[in-house]
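Following: one structure in structure tokens, then a few remarks.
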Amino acid sequence: MADFERPNIKAMQGYTSGEQPDQQQTIKLNTNENPYPPSPEVDRALAALTGASLRRYPNPTADPLRDALADLHDLDREQIVITHGGDEALRLALTTFVEPGAGFGMAEPSYSLYPVLAAIQDARVVRVNLREDWSLPEDAAVQLNEADVQLTCIVNPHAPSGRLTSADDLRALAETLHGVLLIDEAYVDFVDPELEYSSLDLVRSCDNVLVLRTFSKGYALAGMRLGYLLGNAALIEPIVSKTRDSYNIDHVSQQVGLAAIRDQAYAQAGWRNVRDARAGLAASLGQLGLTSAPSQSNFILVEVPAPHAAESMYQALKARNILVRYFDAEGLRNKLRISIGTAQENAALVDALTDLLTE
Ligand SMILES: *Cc1c(COP(=O)(O)O)cnc(C)c1O
Numbered sequence: 076m077a078d079f080e081r082p083n084i085k086a087m088q089g090y091t092s093g094e095q096p097d098q099q100q101t102i103k104l105n106t107n108e109n110p111y112p113p114s115p116e117v118d119r120a121l122a123a124l125t126g127a128s129l130r131r132y133p134n135p136t137a138d139p140l141r142d143a144l145a146d147l148h149d150l151d152r153e154q155i156v157i158t159h160g161g162d163e164a165l166r167l168a169l170t171t172f173v174e175p176g177a178g179f180g181m182a183e184p185s186y187s188l189y190p191v192l193a194a195i196q197d198a199r200v201v202r203v204n205l206r207e208d209w210s211l212p213e214d215a216a217v218q219l220n221e222a223d224v225q226l227t228c229i230v231n232p233h234a235p236s237g238r239l240t241s242a243d244d245l246r247a248l249a250e251t252l253h254g255v256l257l258i259d260e261a262y263v264d265f266v267d268p269e270l271e272y273s274s275l276d277l278v279r280s281c282d283n284v285l286v287l288r289t290f291s292k293g294y295a296l297a298g299m300r301l302g303y304l305l306g307n308a309a310l311i312e313p314i315v316s317k318t319r320d321s322y323n324i325d326h327v328s329q330q331v332g333l334a335a336i337r338d339q340a341y342a343q344a345g346w347r348n349v350r351d352a353r354a355g356l357a358a359s360l361g362q363l364g365l366t367s368a369p370s371q372s373n374f375i376l377v378e379v380p381a382p383h384a385a386e387s388m389y390q391a392l393k394a395r396n397i398l399v400r401y402f403d404a405e406g407l408r409n410k411l412r413i414s415i416g417t418a419q420e421n422a423a424l425v426d427a428l429t430d431l432l433t434e
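One rule links them: number in our numbering = place in the sequence shown (from 1) + 75.
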């Protein structure tokens, strides 16, 4: 039989999504979804939609949403491109800035979608191993430059650890790198505001920085598929005018996105609840001997103490209808990544782990 598949596609493995079970009663702490529903403004926007409003094509570049986000971040419309989830933003950055065969940089471990997207582009993946505390090594930029990397993705706060790298450290990295630095801020909404972390100054002052944001986590809209990139207008322009799908954001998503960001008070109250629950859960699990590194995200990475094994703990929780994430990967095999749930869900998890550890 003829084989039409490109060799790089043939050779690659696809992305494995977290489990999405059908049963409503599952306590789902495995894919970092927001534990709370989106703003009531989102329900109102959905209720106001009509079939007739879908007859015409949507605003091609989602300009009302770009303008609302420009307002929110104090940037210009030209510094923003709206994407079909953060994942499309990553794919577009690769398509636009990485030639086939050229280098794509990432930290190891981090988001397992990065190497999948790099393989689709037939890019060469260059991995920088993180240190014991999940920080980047001093010579990260040197390693990446020596490997001729054209684009580097750094998730901040880091996944799966939740560690936050300072904006100063990211600036130093951006200023040393020869290629583009994409700071993946999928979880930035959950950072403690007292830390005053912001990468927006880098967006304004560096010509090689892109920042990824998503509505999936902070705005509880993972089912909608809405994200965006912030960056220097010269980085954003080719994505808006060339590599993006025409009409990549449907009318429904544009309306819902606008409603969600308008209700900042609701979103921020949710982020605060998640931060409080995060501290509570880390403390409760710590008392059980399950320690975790400090997290600025909506999940914690918990170390399972010997003689218990993380994988069997994952299985035992699953048997009790509680899903968490286990990674069969270097440095992660004795750990579980646990998303912050509602107060009830977190309590059920603590109860189940108390049982399992004393069995
Ligand atoms: C969730 C996530 C994204 C983007 O997800 P979308 O649902 O496609 O917006 C990007 N990077 C990381 C590290 C994530 O966890």
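For each residue, glycine too, the CB sits at the ideal point set by N, CA and C.
Residue environment, residue i, which counts as buried when at least 16 other CB atoms sit within 10 Å
i, result
"residue 315", "buried"
"residue 91", "exposed"
"residue 185", "buried"
"residue 362", "exposed"
"residue 241", "exposed"
"residue 433", "exposed"
"residue 274", "buried"
"residue 128", "exposed"
"residue 322", "exposed"
"residue 374", "buried"
"residue 254", "buried"
"residue 150", "buried"
"residue 75", "What is shown of the chain runs 76 to 434, which leaves residue 75 out entirely."
"residue 380", "exposed"
"residue 401", "buried"
"residue 79", "exposed"
"residue 331", "buried"
"residue 262", "buried"
"residue 382", "exposed"
"residue 163", "buried"
"residue 292", "buried"
"residue 442", "Outside the modelled stretch of the chain, which goes from 76 to 434, sits residue 442, for which no answer is possible."
"residue 317", "exposed"
"residue 204", "exposed"
"residue 299", "buried"
"residue 176", "exposed"
"residue 201", "buried"
"residue 260", "buried"
"residue 303", "buried"
"residue 147", "exposed"
Extent of the continuous alpha helix (DSSP H) to which residue i belongs
i, result
"residue 360", "339-362"
"residue 430", "418-433"
"residue 83", "82-86"
Residues that residue i bridges to, as DSSP identifies them
i, result
"residue 131", "Residue 131 is not bridged to any residue."
"residue 288", "303"
"residue 366", "378"
"residue 158", "302"
"residue 278", "Bridge partners of residue 278: none, in fact."
"residue 324", "Bridge partners of residue 324: none, in fact."
"residue 103", "398"
Residue i in three-state terms, based on DSSP
i, result
"residue 331", "helix"
"residue 142", "helix"
"residue 399", "coil"
"residue 118", "helix"
"residue 147", "helix"
"residue 265", "helix"
"residue 390", "helix"
"residue 163", "helix"
"residue 77", "coil"
"residue 270", "helix"
"residue 404", "coil"
"residue 252", "coil"
"residue 169", "helix"
"residue 108", "coil"
"residue 310", "helix"
"residue 126", "helix"
"residue 385", "helix"
"residue 94", "coil"
Delimiting residues of the beta strand (DSSP E) encompassing residue i
i, result
"residue 317", "Unbroken run through residue 317: none, as it is neither H nor E."
"residue 414", "410-414"
"residue 258", "255-259"
Those runs of the beta strand (DSSP E) which lie wholly inside the stretch 173-250 and span at least 3 residues: List check, beta strand (DSSP E) in window: 178-183, 199-204 and 224-230.
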